[in-house]
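Just below is one structure, and these are the notes that go with it.
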Amino acid sequence: MIPVTKPYLPNREKLNRYLDGIYERNWLTNNGPLAQELTSRLEKYLGVENLLLVSNGTLALQITYRALGINKPANGKPAEAITTPFTFIATASSLKWDGVRPVFADIDPETWCLAPKNIEARVTSQTRAIVPVHVFGNACDVEAIGAIAQKHNLKVIYDASHAFGVNYKGESLLKHGDAATLSFHATKLFHTVEGGAVIFKHKEDLERAKKMINFGITAPESIEELGINAKMNELQAAMGLCVLDEIEQISDVRKSVTDAYNHFLEGKLQKQQIQVGASYNHAYYPVALENEGKVIELMSSLRDSGVFARRYFYPSLDSVAALEATSTVCPESRKLAERIVCLPIYSGLKAEEIEMISKKVSEVAE
Ligand SMILES: Cc1ncc(COP(=O)(O)O)c(C=O)c1O
């Protein structure tokens with residue numbers, strides 16, 4: 554069976570040594586030494602400051618909305634945030650969960666990210682924030698989005714769950730926006746089994762969020778904020794430290810899988826147009842086929858050979874009733890969602906498997 558992705562398992566002896574330390578200290582959670590070490594090592598590796606580890610990427614978004622105050626009603630009505638419909642459900646459901654109405658603006662059909670030109674028409678007196686996604690690790694048009702946010706006095710929170718290690722114009726992409734969130738789910742390029750992080754622009758937002766992830770408790774007898782439990786534990790941090798040691802190797806393997814697919818599939822399918830000036834982390838291998846019929850044909854042909862590609866991201870979130878978003882339909886996102894397939898990419902995927910998958914894709918694409 555070839556799944557779309559496989560969690561990366563780092564060196565076992567090294568993980569055992571971290572576990573020995575955890576047993577010796579008997580310190581399992583609540584900002585332990587491994588969580589502290591991972592925080593500083595990630596800040597260094599990513600070239601960022603004000604990084605806060607949390608227990609998953611969804612809570613990273615939720616804590617950020619609250620730390621930046623975008624969940625507060627605006628003009629006596631529920632707050633709104635403008636976001637993309639072409640993403641994983643958590644981007645929009647986390648808003649809704651926290652009392653912020655998601656308002657969808659359509660994507661750019663080439664980059665597949667939120668199109669700046671579609672944002673302004675969605676701004677109302679209730680809008681508090683823009684929540685774009687660097688989808689599949691492709692950098693959004695951060696300059697144009699920043700200018701719109703400044704004009705309308707809005708916060709920008711990038712869901713950067715896919716953009717671990719991506720640079721833009723020589724600096725970390727995660728420095729853009731008032732905050733950027735990461736997911737360290739087991740299937741991600743870098744992972745801590747479950748986990749996530751927020752990179753805040755301002756230290757005071759980091760400090761508020763630090764209290765929020767530990768129930769608002771600041772001392773044994775002091776509760777300063779409304780909080781929740783979103784702490785990363787020591788076992789998660791241990792896994793993260795081990796994976797981080799091998800991250801260059803993981804990235805190189807993903808790049809070689811991408812190169813191999815490109816070799817077989819060049820010119821046969823629509824690919825995502827990567828933002829000029831941005832690096833690419835090869836976390837995914839998404840392709841867009843001509844129409845939904847071809848997607849269904851390909852999925853079935855792959856399944857016959859034990860290959861489980863995935864329709865990421867389908868459906869387009871502007872069609873998900875549970876989100877109770879405004880009734881705007883986003884045609885570009887819907888068209889893409891019908892045509893998209895993510896091909897398997899992970900360490901350990903063999904050259905002959907890539908060739909076999911590419912052959913099947915080519916047969917359907919032609
Ligand atoms: C774009 C995006 N946002 C948010 C999340 C949620 O992250 P997590 O699964 O760590 O809660 C994911 C993850 O899988 C994602 O792909």
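Residue numbers for the sequence shown follow my numbering, beginning at 554 and rising by one.
Glycine residues also receive a C-beta, built at the ideal position from the N, C-alpha and C atoms.
Flag this pair as yes or no: are the beta carbons of GLN679 and ARG654 separated by less than 9 angstroms? yes
Just to confirm, are VAL751 and THR740 a CB contact at a threshold of 9 angstroms? No, they are not a contact pair.
Please determine, among LEU727, ALA692, GLU877 and GLU633, the residue with the shortest C-alpha to C-alpha distance to ILE683. GLU633
First and last residue of the uninterrupted beta strand (DSSP E) at ASP924: This structure cannot speak to residue 924, because the chain is shown only from 554 to 919.
Taking only runs of the alpha helix (DSSP H) that begin and end inside the segment 621–661, which ones reach a length of at least 4 residues, in chain order? 642–650
Count the other C-beta atoms from every protein chain shown that fall within 10 angstroms of the C-beta of PRO638, then say buried if there are 16 or more, exposed otherwise. With a 10 Å radius around the Cβ and a threshold of 16 neighbouring Cβ atoms, PRO638 comes out buried.
For a minimum of 3 consecutive residues, which ranges assigned as the beta strand (DSSP E) are wholly contained in the segment 742–772? 749–753 and 770–772
Any idea if PHE737 is buried or exposed, counting beta-carbon neighbours within 10 angstroms, 16 or more meaning buried? buried
Any non-hydrogen atom of ligand 1 within 8 angstroms of LEU614 CB: yes
Short of 8 angstroms in beta carbon distance, which residues of its chain neighbour THR811, apart from the five on each side in sequence? Order them along the chain. HIS835, TYR838 and ILE898
Considering only DSSP beta bridges, list what ARG570 is partnered with. Per DSSP, none; premise fails for ARG570.
ALA841 lies in the beta strand (DSSP E); which residues open and close that run? Unbroken beta strand (DSSP E) run through ALA841: 839–841.
Could you name the residues that DSSP lists as bridge partners for ALA500? As shown, the chain starts at 554 and ends at 919. That puts residue 500 outside it, with no answer to give.
My output table needs one value for ARG594: the three-state DSSP class, helix, strand or coil. helix
Below 9 angstroms between beta carbons: does that hold for PRO556 and HIS744? Not a contact, by the Cβ cut-off of 9 angstroms.
Do you know how far the Cα of ARG578 is from the Cα of PHE817? 52 angstroms
With contact counted as at least three CB pairs below 8 angstroms, one residue from each stretch, are the segment 794–811 and the segment 765–778 in contact? no
Proximity below 9 angstroms, CB of VAL920 to CB of GLY730: No information on residue 920 is available, as it lies outside the stretch 554 to 919 that the chain covers here.
With distances taken between CB atoms, is the gap from ALA716 to ALA732 smaller than 9 angstroms? no
What is the DSSP secondary structure of THR811, reduced to helix, strand or coil? If DSSP states are grouped into helix, strand and coil, THR811 belongs with the helices.
With hydrogens ignored, establish whether the beta-carbon of ALA643 is closer than 8 angstroms to any heavy atom of ligand 2. No copy of ligand 2 appears in this structure; the ligands present are ligand 1.
What's the C-alpha gap between GLU801 and LEU788? 22 angstroms
Would you mind reading off the limits of the alpha helix (DSSP H) that contains VAL917? Note, VAL917: alpha helix (DSSP H), 904–918.
Determine whether the beta carbon atoms of THR664 and GLN823 lie at a separation below 9 angstroms. no
Write down the C-beta distance between SER869 and CYS883 rounded to the nearest angstrom, noting that I regard them as a contact closer than 8 angstroms. Yes, they are in contact, since the Cβ atoms of SER869 and CYS883 sit about 6 angstroms apart, within 8 angstroms.
Beta strand (DSSP E) containing ALA698: first to last residue? Here the sequence assigns Ile to residue 698, which means Ala is not the residue at that position. Element bounds for ILE698: not the beta strand (DSSP E) but the alpha helix (DSSP H), 695–705.
Buried or exposed: which applies to GLN703, given that a residue is buried once 16 or more other Cβ atoms fall within 10 Å of its Cβ? exposed
Check for me: the alpha helix (DSSP H) holding ILE849 runs from which residue to which? 845–857
Which residue marks the beginning of the beta strand (DSSP E) containing CYS795, and which one marks its end? Run containing CYS795: none in the beta strand (DSSP E); it sits in the alpha helix (DSSP H), 787–798.
Does ligand 1 have a heavy atom nearer than 8 angstroms to the CB of ASN609? yes
Taking LYS756 as the reference, give the member of LEU842, LEU605, LEU595 and ARG594 with the closest Cα. LEU605
Please indicate yes or no: does the CB of GLY749 lie closer than 8 angstroms to some heavy atom of ligand 1? yes
Here's the rule I'm using: 16 or more other beta-carbon atoms within 10 Å means buried, otherwise exposed. How should ALA700 be labelled? exposed
Once you ignore the five residues that flank MET852 on each side, which residues in its own chain have a CB closer than 8 angstroms to its CB? Here the set comprises ALA862, ARG864 and VAL894.
For GLU885, which residues in the same chain have their Cβ closer than 7 angstroms to its Cβ, ignoring the five residues on either side in sequence? ASP659, ILE660 and PRO662
What residue range does the alpha helix (DSSP H) around LEU606 cover? Element bounds for LEU606: not the alpha helix (DSSP H) but the beta strand (DSSP E), 604–607.
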